[in-house]
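Worksheet: one structure, shown below.
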Amino acid sequence: MMDAARGTAQQRLTRWTVTGPPFAFLLAFFAAPSLIMVLASFRYPGEYGGLAPLVAAPGAAVQDGGLTLENYRFFFSDLIYCEIFVRSLAIAFASTLICLALAYPLALLIARSPKKRRDFMVLMVILPFASNFLIRVYAWMIILGPESGLSAVLNQALALIGVAPVRLLFSSFAVLVGMVYVHLPFMVLPLYTNLEKHDPALLEAAQDLGAGAWTRFWRITFPLSLPGIFSGAALVFIPVLGMFAIPDILGGTGDILVGNLIKEQFLGTRDWPFGSTLSIMLTLVVLACAAGAAAVARRGAHSDYA
Amino acid sequence: MPLLEIRNVTRRFGDFAALEGVSLDIEAGEFFTLLGPSGCGKTTLLRLIAGFDEPDEGELLLDGKPLAGIAPERRPVHTVFQSYALFPHMTVARNVAFPLLMAGKPKHETSARVHAVLDAVRLTDKAHAYPHELSGGQKQRVALARGLVNRPRVLLLDEPLGALDAKLRIEMQIDLIKLQKEVGITFVFVTHAQHEALALSHRIAVMNAGRIEQVDEPDHLYGAPKNRFVADFIGSINLFACEVLEAGAARLRLRTELGEIVAPGPDHVAAGAKGAFALRPEQARIVAPHESLGLDNRLGGRVYDFLYTGDVTTYLIDLDGGARFKALLANSAPGRAKFFDVGDAVAVEWSAAAGLFLAE
Numbered sequence: 000m001m002d003a004a005r006g007t008a009q010q011r012l013t014r015w016t017v018t019g020p021p022f023a024f025l026l027a028f029f030a031a032p033s034l035i036m037v038l039a040s041f042r043y044p045g046e047y048g049g050l051a052p053l054v055a056a057p058g059a060a061v062q063d064g065g066l067t068l069e070n071y072r073f074f075f076s077d078l079i080y081c082e083i084f085v086r087s088l089a090i091a092f093a094s095t096l097i098c099l100a101l102a103y104p105l106a107l108l109i110a111r112s113p114k115k116r117r118d119f120m121v122l123m124v125i126l127p128f129a130s131n132f133l134i135r136v137y138a139w140m141i142i143l144g145p146e147s148g149l150s151a152v153l154n155q156a157l158a159l160i161g162v163a164p165v166r167l168l169f170s171s172f173a174v175l176v177g178m179v180y181v182h183l184p185f186m187v188l189p190l191y192t193n194l195e196k197h198d199p200a201l202l203e204a205a206q207d208l209g210a211g212a213w214t215r216f217w218r219i220t221f222p223l224s225l226p227g228i229f230s231g232a233a234l235v236f237i238p239v240l241g242m243f244a245i246p247d248i249l250g251g252t253g254d255i256l257v258g259n260l261i262k263e264q265f266l267g268t269r270d271w272p273f274g275s276t277l278s279i280m281l282t283l284v285v286l287a288c289a290a291g292a293a294a295v296a297r298r299g300a301h302s303d304y305a
Numbered sequence: 000m001p002l003l004e005i006r007n008v009t010r011r012f013g014d015f016a017a018l019e020g021v022s023l024d025i026e027a028g029e030f031f032t033l034l035g036p037s038g039c040g041k042t043t044l045l046r047l048i049a050g051f052d053e054p055d056e057g058e059l060l061l062d063g064k065p066l067a068g069i070a071p072e073r074r075p076v077h078t079v080f081q082s083y084a085l086f087p088h089m090t091v092a093r094n095v096a097f098p099l100l101m102a103g104k105p106k107h108e109t110s111a112r113v114h115a116v117l118d119a120v121r122l123t124d125k126a127h128a129y130p131h132e133l134s135g136g137q138k139q140r141v142a143l144a145r146g147l148v149n150r151p152r153v154l155l156l157d158e159p160l161g162a163l164d165a166k167l168r169i170e171m172q173i174d175l176i177k178l179q180k181e182v183g184i185t186f187v188f189v190t191h192a193q194h195e196a197l198a199l200s201h202r203i204a205v206m207n208a209g210r211i212e213q214v215d216e217p218d219h220l221y222g223a224p225k226n227r228f229v230a231d232f233i234g235s236i237n238l239f240a241c242e243v244l245e246a247g248a249a250r251l252r253l254r255t256e257l258g259e260i261v262a263p264g265p266d267h268v269a270a271g272a273k274g275a276f277a278l279r280p281e282q283a284r285i286v287a288p289h290e291s292l293g294l295d296n297r298l299g300g301r302v303y304d305f306l307y308t309g310d311v312t313t314y315l316i317d318l319d320g321g322a323r324f325k326a327l328l329a330n331s332a333p334g335r336a337k338f339f340d341v342g343d344a345v346a347v348e349w350s351a352a353a354g355l356f357l358a359e
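Chains as they are written, first to last, in numbering that gives the first Met the number 0: chain A, 0 to 305; chain B, 0 to 359.
Shown next as structure tokens:
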């Protein structure tokens with residue numbers, strides 16, 4: 000009995016030494032700041048940025064005990080914010096779909112290559128991370144810029160069929176290209192990890208039982224890869240939704256996304272409470288999307304034949 | 000006309016010939032087994048029939064029509080895989096319905112057939128379970144149901160009982176025989192387990208190193224193996240090198256290292272021929288040195304060891320001539336399990352008709 004009790008105590012100690020530090024880290028640097036953000040979204044901005052004091056300084060009045068719903072009222076009072084949210088969602092959705100369409104064949108190719116070659120191919124996928132993110136995005140400025148070969152060829156082709164020249168850089172198109180380019184590896188890797196684990200005998204069995212190549216893909220490979228698709232989609236969709244650097248560098252004046260808006264509140268207009276409100280709204284949107292995706296995933300099971 | 004004809008088929012992988020000049024005729028409704036040690040080419044042959052691989056030489060015909068160039072999904076041949084290969088994201092019912100769905104059967108027919116086949120393998124109550132919720136034996140039965148449901152001309156079974164424990168194996172063997180009789184579909188069964196092959200099959204092809212050694216019914220294969228490999232591979236047997244001293248009147252006089260032996264002789268064997276003398280352990284009788292049963296052959300020896308396995312005891316006897324000999328004794332005598340002990344002097348006797356001469 001004593002030994003058993005000591006065993007459990009020791010197990011508990013081991014468990015806490017292993018999980019304690021990351022738990023404490025998340026508590027201090029994720030949970031606490033999130034809570035501060037929630038509180039900040041219900042407060043007034045300070046005169047020079049920051050937050051207005053909760054306790055009145057001598058000779059000054061504090062409104063409503065320092066708490067207010069004004070930030071949320073302001074958010075819903077102007078359609079421009081909803082518009083930016085919708086545009087951000089559209090960009091995030093489009094980026095995710097394009098990443099999926101590009102990454103799936105690539106991940107499938109890697110997963111079905113001989114084992115020796117797979118590691119090398121995965122290395123090639125993550126190689127772009129070796130150079131700085133901003134440098135890679137700036138490189139797209141040159142590629143898409145008006146003096147680039149790409150623009151020249153495209154506009155000459157358009158001139159031939161009598162269409163006015165287009166500007167590639169500083170457009171939603173450029174933002175989308177940048178988003179897809181930067182986030183593609185985040186789609187490829189979880190997909191590859193999933194596809195690589197598929198038992199090849201399943202495809203043989205399906206073929207043996209009468210399924211052609213297309214049917215084998217849609218009935219076996221694709222449904223089995225759904226967990227990979229969902230994790231890849233989350234890894235692309237969520238960062239794209241909050242991204243501000245790419246629209247800053249590649250987008251035009253009309254391509255502001257939620258990320259830019261939030262950054263502007265904290266660094267530009269120094270309205271921390273409204274910035275916090277925007278962040279909270281973004282988090283809610285992401286959670287709503289995740290819940291939607293989970294609901295779709297659950298509905299995956301169809302009717303039975305018995 | 001046989002249902003499936005395999006004509007002079009050769010398949011090479013680089014320098015290695017997995018199959019070399021294999022010819023077989025498999026009749027409709029047969030339970031046919033390919034038996035051999037691992038690497039003998041039986042799985043290669045199965046993959047050729049399923050269509051996952053094509054022969055380098057020779058051809059396969061189903062109902063007299065060549066199978067060459069027909070993709071696996073278009074052959075009326077289904078396979079029960081060794082790993083079962085059940086689709087993990089589908090329920091039992093959807094797994095079983097898969098081949099019917101592929102064949103474009105109407106929904107009500109699909110539903111009725113799935114019901115019937117699940118009933119036949121006693122899995123009706125598991126129709127809505129997923130493969131990971133099933134035991135090994137249940138998975139095996141789902142794989143079988145899925146292979147049978149669209150009534151293929153041939154069902155290939157690739158060591159389907161390999162992953163089951165001994166007791167479940169026997170149960171599944173009985174199920175397999177019953178099911179095959181009920182549905183009347185031709186089964187081509189691959190195994191390296193000779194007991195399984197003998198228990199299940201109408202006919203067995205024994206394979207070795209890419210060739211077929213003998214095709215026969217189980218009792219013929221066991222009782223009259225054509226050569227040393229078959230004799231040694233099927234069951235347990237005593238084999239001694241020998242030379243024919245005298246041939247005549249369907250009776251051979253053989254010289255072995257142990258002394259002279261008489262054996263039944265096929266007509267075409269002449270004096271001077273070399274080969275092997277074979278005797279199944281259960282054909283020999285063990286007696287005490289002073290006793291005699293008056294059988295044609297008698298050799299003296301000493302008990303080296305014995306293995307008690309309940310129903311029988313296998314005695315290993317060091318013969319006076321130097322070779323080790325296996326003999327079985329049924330433990331049916333009441334109150335006795337041990338007739339002889341280690342080190343006892345004994346004699347083995349057998350009648351001439353019990354042995355076999357295998358020409359080289």
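Every residue gets a Cβ at the ideal spot worked out from N, C-alpha and C, and that includes glycine.
If we define contact as Cβ-Cβ less than 7 Å, is residue i a contact residue for chain A?
i: H107 (chain B); result: no
i: E53 (chain B); result: no
i: H88 (chain B); result: yes
i: T78 (chain B); result: yes
i: F97 (chain B); result: yes
i: E72 (chain B); result: yes
i: A144 (chain B); result: no
i: S82 (chain B); result: yes
i: M101 (chain B); result: yes
i: A49 (chain B); result: yes
i: E359 (chain B); result: no
i: F12 (chain B); result: no
For residue i, which option in the options has the closest C-alpha, if you only look at C-alpha atoms?
i: P98 (chain B); options: A:G251, A:L225, A:G209; result: A:G209
i: A306 (chain A); options: A:M186, A:F185, A:L168, A:L12; result: The question about residue 306 (chain A) has no answer here: the residues shown for chain A are numbered 0 through 305.
i: F228 (chain B); options: B:A208, B:A270, B:P217, B:F15; result: B:A208
i: A346 (chain B); options: B:A246, B:R297, B:N237; result: B:R297
i: L238 (chain B); options: B:P151, B:A204, B:G274, B:A269; result: B:G274
i: I173 (chain B); options: B:V153, B:A196, B:E290; result: B:A196
i: L327 (chain B); options: B:T32, B:R284, B:S291, B:D343; result: B:R284
i: I261 (chain A); options: A:I83, A:I125, A:K196; result: A:I83
i: A223 (chain B); options: B:L66, B:S291, B:G68, B:G354; result: B:G354
Please classify residue i: is it buried, with 16 or more other beta-carbons within 10 angstroms of its beta-carbon, or exposed?
i: T185 (chain B); result: buried
i: I219 (chain A); result: buried
i: G35 (chain B); result: buried
i: T42 (chain B); result: buried
i: R42 (chain A); result: buried
i: G19 (chain A); result: exposed
i: C241 (chain B); result: buried
i: F30 (chain B); result: buried
i: C98 (chain A); result: buried
i: T308 (chain B); result: exposed
i: Q155 (chain A); result: exposed
i: H360 (chain B); result: Outside the displayed span of chain B (0 to 359) sits residue 360 (chain B), for which this structure offers no information.
i: I316 (chain B); result: buried
i: S302 (chain A); result: Because S302 (chain A) carries a pLDDT of 44, less than 50, the predicted location of this residue cannot be relied on, and the following value inherits that uncertainty. Label assigned to S302 (chain A): exposed.
Mind checking who residue i pairs with in its DSSP beta bridge?
i: M178 (chain A); result: Note: M178 (chain A) sits in no beta bridge, so no partner.
i: D215 (chain B); result: B:I203
i: D157 (chain B); result: B:V189
i: D363 (chain B); result: Given a span of 0 to 359 for chain B in the structure shown, any question on residue 363 (chain B) remains unanswerable.
Under 7 Å between C-beta atoms, does residue i make it to chain B?
i: G227 (chain A); result: no
i: L208 (chain A); result: yes
i: L101 (chain A); result: no
i: P222 (chain A); result: yes
i: L107 (chain A); result: no
i: M0 (chain A); result: Low per-residue confidence applies at M0 (chain A): pLDDT is 47, beneath 50, and the placement is therefore not dependable, though the value from the model is reported in the following sentence. So, not an interface residue.
i: G211 (chain A); result: yes
i: L201 (chain A); result: yes
i: A289 (chain A); result: no
i: A204 (chain A); result: yes
Would the beta-carbon of residue i be found less than 6 Å away from any heavy atom of the ligand COA?
i: A142 (chain B); result: As for the ligand COA, it is missing from this structure, which has no ligand bound.
> Between the segment 258-282 of chain A and chain B, which residues of the former have a C-beta closer than 8 Å to a C-beta of the latter?
Replying inline: Using a CB distance below 8 Å, no part of the segment 258-282 of chain A faces chain B.
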